[in-house]
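Numbering (this note's numbering), first residue to last: 2 to 630.
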């Protein structure tokens with residue numbers, strides 16, 4: 002009886018997925034997803050930990066309870082696993098059989114031949130829960146043609162100076178990630194800067210960093226840059242730093258998407274509402290687009306106008322002039338003259354703001370996508386937009402025709418099954434056309450978010466109009482949250498910034514004072530006194546009191562983080578913390594003491610020289626004159 006009921010449940014579940022638009026692609030033929038390890042550190046935005054397998058001991062450690070979520074293997078064309086010296090330490094076959102249910106395996110393809118061998122191996126295993134990593138975009142493209150269900154990571158090798166990258170280069174990185182059919186870009190830790198990370202994440206890329214030195218400072222740098230994932234050689238060190246940062250640490254900016262603008266205050270899908278949402282602090286503005294009878298693109302939610310405007314017209318059967326003549330059915334005070342915006346004027350109104358735009362494709366016509374893309378390019382806003390839709394076929398068309406643009410699939414999270422099964426179903430529905438996951442909020446648990454993150458899939462739940470639900474998703478580390486109330490976050494601190502270094506003269510007592518800049522979602526900047534978390538005190542025994550006064554026991558150089566905590570509500574108990582990136586504080590010995598010491602020492606030397614000269618002179622005067630011979 003139990004087996005029969007289970008069978009009935011599976012049938013119902015599969016039909017439910019089909020009804021929601023997710024394709025199951027003969028799900029039973031694919032291997033299960035891994036049950037990954039999740040640290041209990043409490044960080045809201047803990048990055049996924051991937052470990053490079055450099056030895057047989059590293060591989061054996063995957064059997065431990067505390068383990069990386071992803072394991073990266075170097076392989077040759079025969080699928081032998083190699084250590085850091087190129088020596089064989091195992092086979093992919095053995096590793097898959099032993100550990101594919103415990104970690105997400107990732108295989109590095111150094112060339113096209115290795116890429117083919119890895120892809121063939123994963124196809125043989127009916128794998129979907131695996132990653133192919135390569136610095137060669139053509140190798141990634143070839144693997145996609147063979148096995149679109151497998152995940153890909155583009156290893157982006159740069160020769161730029163360390164630090165912040167210019168936006169054109171960042172956009173080029175994004176387009177290559179998308180064109181490679183990858184969702185993850187892997188960068189060196191040298192580029193672990195908040196601005197680099199946020200730029201790419203705004204376009205729905207998952208940003209991972211590769212450790213070089215493996216120092217606590219470097220790992221803190223990667224995490225506080227907002228990394229979605231980090232590649233390390235010691236996962237235990239990373240987990241310790243998670244705990245060091247503490248509960249509710251928000252090290253990655255949580256994006257806030259104004260659903261149709263700011264409909265809680267301003268008519269939806271209007272230019273006025275979009276601008277209001279951006280001013281209120283929305284990082285992204287969501288809008289809905291349709292194609293008119295004369296080939297224009299307009300912004301409106303429904304395919305008919307009667308719900309919002311004074312006439313009920315079918316948009317795709319109406320001209321632009323017909324639609325522009327409509328007036329609001331129930332005008333909002335102060336916004337009586339709002340009209341249905343043409344897509345061009347809508348984007349133009351947002352161009353001067355900092356907001357990105359979520360464009361929901363409501364039309365089933367491919368031409369709507371073509372015209373929208375053309376407008377975006379004419380306005381030079383390619384790096385500001387992200388397409389979403391309930392129509393997977395439209396997103397598939399976008400991915401094929403315009404691979405440089407990201408696409409997000411609007412769907413539901415499967416419920417009633419374990420996280421591994423949810424991930425399996427989700428990957429089958431998302432990976433083929435390189436979609437991100439844009440689900441309704443139901444089922445978006447912190448476990449689901451972490452499981453998807455380990456596969457490089459960002460999650461953008463909608464539409465969250467209950468404040469407590471909003472906070473739960475914010476504190477669970479969702480990539481972005483769609484809401485009618487973008488103004489909820491106006492006064493939330495979105496970023497904490499500081500000079501990268503301070504220099505104070507060391508002396509007893511207070512040596513200096515620290516304040517940092519807190520920036521809210523609406524752009525307001527305030528100087529605040531942070532808390533200090535010491536990464537390395539450099540032997541200084543550095544301290545900071547509640548007023549920001551710095552003291553230490555001796556000169557030296559310390560490395561620290563600054564932290565600022567904020568309650569979600571003044572009357573509430575839940576809070577979150579934001580951080581600067583690592584800051585060095587140099588405590589120089591007091592130069593006045595050096596100067597005084599130098600003067601005194603110099604005087605003593607002079608006095609000694611004079612004394613010697615006097616003694617010698619006196620000695621000469623008292624010596625007897627020897628008679629001539």
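We put the CB at the ideal spot given by N, CA and C, even for glycine.
Helix, strand or coil at residue i [DSSP, three-state]
i           : result
residue 340 : coil
residue 255 : coil
residue 438 : strand
residue 453 : helix
residue 170 : helix
residue 119 : helix
residue 235 : coil
residue 489 : helix
residue 597 : Residue confidence for residue 597 is low, a pLDDT of 44 falling below 50, so the modelled location carries little weight; the figure read from the coordinates is stated next. In this structure, residue 597 counts as helix in the three-state DSSP scheme.
residue 405 : coil
residue 260 : strand
residue 388 : strand
residue 535 : strand
residue 555 : coil
residue 65  : coil
residue 351 : helix
residue 308 : coil
residue 502 : strand
Neighbourhood of residue i by C-beta, 6 Å cutoff - its chain only, sequence neighbours within 5 removed
i           : result
residue 259 : 278, 283, 286 and 487
residue 601 : For residue 601, the pLDDT reaches just 45, beneath the cut-off of 50, and the residue's location in the model is therefore unreliable, although a value from the coordinates is still provided. There are no such residues.
residue 432 : 150
residue 496 : 520
residue 129 : 31, 150 and 428
residue 213 : 190
residue 457 : 152, 184, 185 and 207
residue 452 : 420 and 424
Buried versus exposed call for residue i [16 or more other C-beta atoms within 10 Å across all chains shown]
i           : result
residue 53  : buried
residue 590 : exposed
residue 255 : buried
residue 1   : There is no way to answer for residue 1, as the model of the chain reaches only from 2 to 630.
residue 311 : exposed
residue 355 : exposed
residue 41  : exposed
residue 48  : buried
residue 154 : buried
residue 197 : buried
residue 296 : exposed
residue 575 : exposed
Segment limits, alpha helix (DSSP H) that includes residue i
i           : result
residue 223 : 217–225
residue 378 : 367–379
residue 469 : 468–477
residue 197 : 195–203
residue 589 : It is not in any alpha helix (DSSP H) - residue 589 instead sits in the beta strand (DSSP E) that spans 584–590.
residue 273 : 272–281
residue 430 : 420–431
Proximity below 8 Å, CB of residue i to CB of residue j
i           : j           : result
residue 587 : residue 502 : yes
residue 342 : residue 299 : yes
residue 301 : residue 358 : no
residue 250 : residue 222 : no
residue 239 : residue 219 : no
residue 511 : residue 539 : no
residue 404 : residue 333 : no
residue 126 : residue 35  : no
residue 156 : residue 135 : yes
residue 107 : residue 132 : yes
residue 253 : residue 46  : yes
residue 159 : residue 109 : no
residue 443 : residue 414 : yes
residue 186 : residue 208 : yes
residue 392 : residue 409 : no
residue 313 : residue 320 : no
Close Cβ partners of residue i (< 8 Å) along its chain, the five nearest in sequence each way excluded
i           : result
residue 318 : 294
residue 375 : none
Check: residue i C-beta below 7 Å from any heavy atom of the ligand SAM
i          : result
residue 53 : Inclusion of the ligand SAM in the displayed structure is not the case, the ligand content being empty and no account of it being possible.
Residue i: first and last residue of the uninterrupted beta strand (DSSP E) it sits in
i           : result
residue 93  : Element bounds for residue 93: not the beta strand (DSSP E) but the alpha helix (DSSP H), 93–100.
residue 1   : The question about residue 1 has no answer here: the residues shown for the chain are numbered 2 through 630.
residue 551 : 550–552
residue 49  : 49–53
residue 188 : 185–189
Cutoff 7 Å; reference residue i; Cβ partners in own chain excluding five residues on either side
i           : result
residue 527 : 519
residue 504 : 587 and 589
residue 69  : 50, 51, 52, 104 and 236
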